[in-house]
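What follows is a short report on a single structure.
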Amino acid sequence: MEKLIISSCICGAEVTKEQNPAVPYTVEEIVREAKSAYDAGAAVIHLHVRWDDGTPTQATERFQECMDAIYKECPDVIIQPSTGGAVGMTDLERLASTDVVPTPEFATLDCGTCNFGGDEIFVNTDDTIVNFAKIMNEKGIKPELEVFEKGMIDTALKFHKKGFIKDPMHFDFVLGVTMTATIRDLVFMVGSLPPGCTWTATGLGRNCWSIAAATIAMGGHVRVGFEDHLYIEKGVLAESNGQLVAKAVELAKIMGREIATPDEAREILGIPPRKNK
Ligand code: KMH
Ligand code: ZN
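When we follow the numbering used here, the leftmost residue of the sequence shown carries the number 6, and every step to the right adds one.
Shown next as structure tokens:
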């Protein structure tokens, strides 16, 4: 089986220090968390950034500062800036994370609109999706197709057919926001992909490890991190993103799946080798 790519969503836009004091806000904290995940075996850092008071931002200069500092500590890591940002941000605001230099290798592309906790709506109209896809194509950024439920796979496939989303496609199943994080639903999602795609999955909250184990067994790739998981086990807060990644590595080891380095992850995902590391 292909080696396992571990992505770590180290920060997110919604979780807070009140929920887990290790959630990073400052540049130093973001670098600390990225390095802990990388040292533990993460090949990909899914990145949101905050201002020092914890407010989520998509400001290019904040992404630039954080990405430069992460590359200093983790020179070969794949940094995947979010273009989802936080609920309520404009499309223009969200895309600002892709204006960093050098241009990101990888970035998220959210494939539909959904309820997002409480009374919030995460808006991704067809026009938004096509516009983001066009910009990523122009810039040479590989999209990770974020899907929160099955209809979003269909939307991605519709725009693939129209030529806006290119091969090879890589999906990320974020289970537990709208669709339930169950093995039944994971199997349904994976079975809905055409041949030749790669995929990552994450099960929010307490479903983290059952979804990770099923994903490892099924040949997918795993995402763990504070954005999705604040606890390392029931009632015990995770001390770092590295601790969550280390647990995923341990699980993969038990199940006989090797861990991909960042360069191996690039090869699996069809991302060209990174120059000037
Ligand atoms: N923060 C969510 C509203 C992404 O990174 O592209 C969107 C999100 C998805 O986290
Ligand atoms: Zn995200």
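All C-beta atoms in this analysis are idealised placements derived from N, C-alpha and C, irrespective of residue type, glycine included.
Check	Outcome
Glu70 versus Val32: straight-line alpha-carbon distance, rounded	7 angstroms
Whether Pro278 touches Val82 by CB criterion (8 angstroms)	no
Distance cut-off 7 angstroms: Thr60 Cβ against heavy atoms of the ligand KMH	no
Own chain residues within Cβ distance below 8 angstroms of Cys202, not counting five before or after	Pro173, Met174, His175, Phe176
Any non-hydrogen atom of the ligand KMH closer than 7 angstroms to Ala91 Cβ	yes
Residue range of the unbroken alpha helix (DSSP H) whose run includes Trp204	No alpha helix (DSSP H) contains Trp204, which is instead part of the beta strand (DSSP E) from 203-208.
With 16 other Cβ atoms within 10 Å as the buried cut-off, status of Met6	exposed
Whole-Å CB distance - Ala243 paired with Asn25, under 8 angstroms assumed	7 angstroms
Any non-hydrogen atom of the ligand KMH within 7 angstroms of Phe231 CB	no
Same chain, Cβ closer than 7 angstroms to Thr183, neighbours up to 5 away in sequence not counted	Cys119, Asn120, Phe153, Glu154
CB-CB length for Leu256 against Gly230, believed under 8 angstroms	That pair is no contact at about 15 angstroms.
Counted within 10 angstroms of its Cβ, other Cβ atoms place Gly89 as buried (16 or more) or exposed	buried
Collapsed DSSP secondary structure at Tyr30 in the structure displayed	coil
Short Cβ contact (8 angstroms threshold) for Gly181 with Asn142	no
Buried versus exposed, by CB contacts within 10 Å (16 or more), Trp56	exposed
Start and end residues, beta strand (DSSP E) containing Lys147	147-152
Unbroken beta strand (DSSP E) run spanning His175, endpoints	175-180
Residue range of the beta strand (DSSP E) that includes Phe164	First-last for Phe164: 155-166, but that is the alpha helix (DSSP H), not the beta strand (DSSP E).
Cβ neighbour criterion (16 or more within 10 Å) applied to Asp190	buried
Status (buried if at least 16 other CB within 10 Å, exposed otherwise) for Lys171	exposed
Burial state of Glu23 (16 or more Cβ within 10 Å)	exposed
Spatially closest choice to Thr60 from Ser12, Cys16, Lys163, Val192, by CA coordinates	Cys16
Whole-number beta carbon distance between Val179 and Glu151, since they are thought to touch under 8 angstroms	6 angstroms
Supposed contact pair Val227 and Ala253 - C-beta distance, whole angstroms, cut 8 angstroms	5 angstroms
Assigned secondary structure, Asp124 (DSSP; H/G/I helix, E/B strand, else coil)	coil
DSSP three-state assignment for Gln3, whether helix, strand or coil	Absent from the structure is residue 3, since the part of the chain shown begins at 6 and ends at 282.
Cut-off 6 angstroms between Cβ atoms - residues of its own chain near Lys147, not counting five sequence neighbours on either side	Phe111, Ile276
Simplified DSSP state of Val241, which is helix, strand or coil	strand
Leu191, DSSP secondary structure in three states	helix
DSSP state of Ile170 mapped onto helix, strand, coil	coil
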